[in-house]
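In UniProt numbering, the protein residues as written are 1 to 172.
All C-beta atoms in this analysis are idealised placements derived from N, C-alpha and C, irrespective of residue type, glycine included.
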Amino acid sequence: PVRKPRRLLDIGTGTGAWLMKAAADFPKCDCTGIDTVRAVPDSALPDNCTFIQMDLLRGTKFEDGLFDYIRQRALLPAIPLDRWTEHARECFRLSRPGALVEWIESDNLLRPSGPALDRLNTVLVATAAHLGWATDLVERLPEAMTTAGLRGVETRRVRVPVGDWSEDTAGR
């Protein structure tokens with residue numbers, strides 16, 4: 001983990017909630033959020049935050065090696081399958097040596113499965129394929145990252161419980 005980042009980039013900022021929390025956690029860090037739509041008014045941003053409306057897939061004007069922490073979450077539907085290695089290359093270009101590039105993605109399948117969830121997962125996989133998404137993309141991301149030049153790629157699987165019925169109280 002990055003202990004004291006100087007510059008961080010939040011790709012797919014959305015509501016800006018994570019970006020603003022990061023700005024509070026790292027008050028000396030220049031925090032930049034980008035997204036294709038503006039959902040965060042500038043007046044809501046802390047002084048150490050900037051939001052830029054842009055599509056990373058169309059390229060950026062950020063200089064090489066600018067960020068020491070690059071984070072994205074839930075961009076599987078936003079990035080076409082054949083563009084993930086290119087996207088990883090752009091993250092590599094933007095990261096300074098020793099930077100942390102963190103991608104948080106889900107295969108969106110439901111577990112533990114049983115007959116009903118198996119049928120639902122089959123529908124989810126078929127729908128994803130129709131939309132050009134791959135539920136096995138999570139398995140492919142490490143290769144895309146290393147092909148792009150990122151080193152020390154690690155993966156970690158976490159369960160995301162849904163509902164207060166879950167026995168995993170930490171995840172509720």
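Assign residue i to one of three DSSP states: helix, strand, or coil.
| i | result |
| --- | --- |
| ARG172 | At ARG172 the pLDDT is 49, less than 50, meaning the model places this residue with poor confidence and gives no usable figure here. |
| ALA24 | helix |
| residue 174 | With the chain covering only 1 through 172, there is no way to say anything about residue 174. |
| PHE51 | strand |
| SER95 | strand |
| LEU100 | strand |
| LEU76 | coil |
| LEU81 | helix |
| ARG89 | helix |
| LEU110 | coil |
| THR32 | strand |
| LEU150 | coil |
| ARG58 | helix |
| LEU8 | strand |
| ARG71 | strand |
| VAL123 | helix |
| PRO161 | coil |
Under 8 angstroms, do residue i and residue j count as touching if we go by C-beta distance?
| i | j | result |
| --- | --- | --- |
| LEU45 | CYS29 | no |
| LEU109 | PHE67 | no |
| ILE70 | CYS91 | yes |
| CYS49 | ALA23 | yes |
| LEU81 | ALA116 | no |
| VAL138 | ASP107 | yes |
| ARG83 | LEU57 | yes |
From the options, pick the residue whose C-alpha is nearest to that of residue i; which is it?
| i | options | result |
| --- | --- | --- |
| THR147 | LEU120, THR15, THR85 and VAL160 | THR85 |
| residue 180 | ALA78, ALA116, VAL101 and HIS87 | Only positions 1 to 172 of the chain appear in this structure, which leaves residue 180 out of reach. |
| ASP35 | LEU19, ASN48 and SER43 | LEU19 |
| residue 235 | GLY14, VAL153, PRO77 and LYS21 | Nothing in the structure corresponds to residue 235, since the chain is present only between 1 and 172. |
| MET54 | LEU76, ASP47 and GLY33 | GLY33 |
| LEU75 | ALA99, LEU141, PRO5 and VAL160 | LEU141 |
| CYS31 | PRO41, ASP10 and SER43 | ASP10 |
| VAL153 | ASP136, VAL123 and GLY98 | GLY98 |
| GLY132 | THR122, GLY149 and ALA78 | ALA78 |
Tell me, to the nearest whole angstrom, how far the beta carbon of residue i is from that of residue j; I am working on the premise that it is less than 8 angstroms.
| i | j | result |
| --- | --- | --- |
| GLY16 | PHE51 | 7 angstroms |
| PHE26 | LYS61 | Rounded, the Cβ-Cβ distance is 24 angstroms, inconsistent with contact. |
| GLY65 | ARG96 | 4 angstroms |
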